[in-house]
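Numbering (our numbering), first residue to last: 1119 to 1287.
In what follows, a structure is listed as structure tokens, so that the remarks can point back to it.
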């Protein structure tokens, strides 16, 4: 019998922290990544919360910095859960420059896509094990599941014109 090896889902915690640190030292960095990176792309939930808080501040046209992020997280009841102000400070101190934020964000996006593919594969495997009478129906459902992963990637690249205009005007 084959030995079952437990694996951690694809992730890159350093890239996640680099994205967040870059946003905190250069508030304009979020403009370069908001079109393709989403809070749910972060492996660590607390990182997603911080990114979501930054997006929310950006949408309200408020500055993104240590104080405003801490305030937004406190307002949401998440500041202590993410590690408090000390953790936010550690994100700032871990990144010397925001110039590579897009590269870091693409790493986060890539690992999130891999996690979604693994999840889809599990769902497809479960479908295949079911004793369904109509195999074509199972194949169609499997295609839908896989298409959902690829569609998500493509749809995130498309941005409503209103969003683009609001960033510049």
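Beta carbons: idealized from backbone N, C-alpha and C, even for Gly.
Per DSSP, residue 1186 is one residue of the alpha helix (DSSP H) stretching across 1184 to 1193. Fewer than three pairs of CB atoms, one per stretch, sit closer than 8 Å, so the stretch 1248 to 1260 makes no contact with the stretch 1182 to 1198. Boundaries cannot be given for residue 1218, as no alpha helix (DSSP H) includes it and DSSP labels it neither H nor E. Taken through DSSP and simplified to helix, strand or coil, residue 1180 comes out as coil.
Restricting attention to 1143, 1189, 1134, 1240, the CA atom closest to the CA of residue 1164 is found in 1134.
The alpha-carbon separation between residue 1150 and residue 1222 amounts to approximately 11 Å. Around the Cβ of residue 1234, a 10 Å sphere holds 16 or more other Cβ atoms; the residue is buried. The beta carbon of residue 1161 is closer than 6 Å to those of 1129 in its chain, skipping five residues each way along the sequence. In the DSSP assignment, residue 1200 falls within the unbroken alpha helix (DSSP H) covering 1197 to 1200. Around the CB of residue 1141, 16 or more other CB atoms lie within 10 Å, so the residue is classed as buried.
If you check the CB distance, residue 1200 and residue 1143 do not come in under 8 Å. Under the 10 Å beta carbon count, residue 1152 is surrounded by 16 or more other beta carbons and is classified as buried.
Where residue 1136 is concerned, the enclosing alpha helix (DSSP H) starts and stops at 1131 to 1143. Each of 1124, 1170, 1136 was checked against the Cα of residue 1210, and the nearest Cα belongs to 1136. By the Cβ-count criterion, residue 1138 is buried, with 16 or more other Cβ atoms from all chains shown falling within 10 Å of its own Cβ. Taking C-alpha positions only, residue 1172 is separated from residue 1239 by approximately 32 Å. Around the beta carbon of residue 1257, a 10 Å sphere encloses fewer than 16 other beta carbons of the protein chains shown; the residue is thus reported as exposed. Residue environment analysis places residue 1229 among the buried positions, since at least 16 neighbouring C-beta atoms fall within 10 angstroms of its C-beta.
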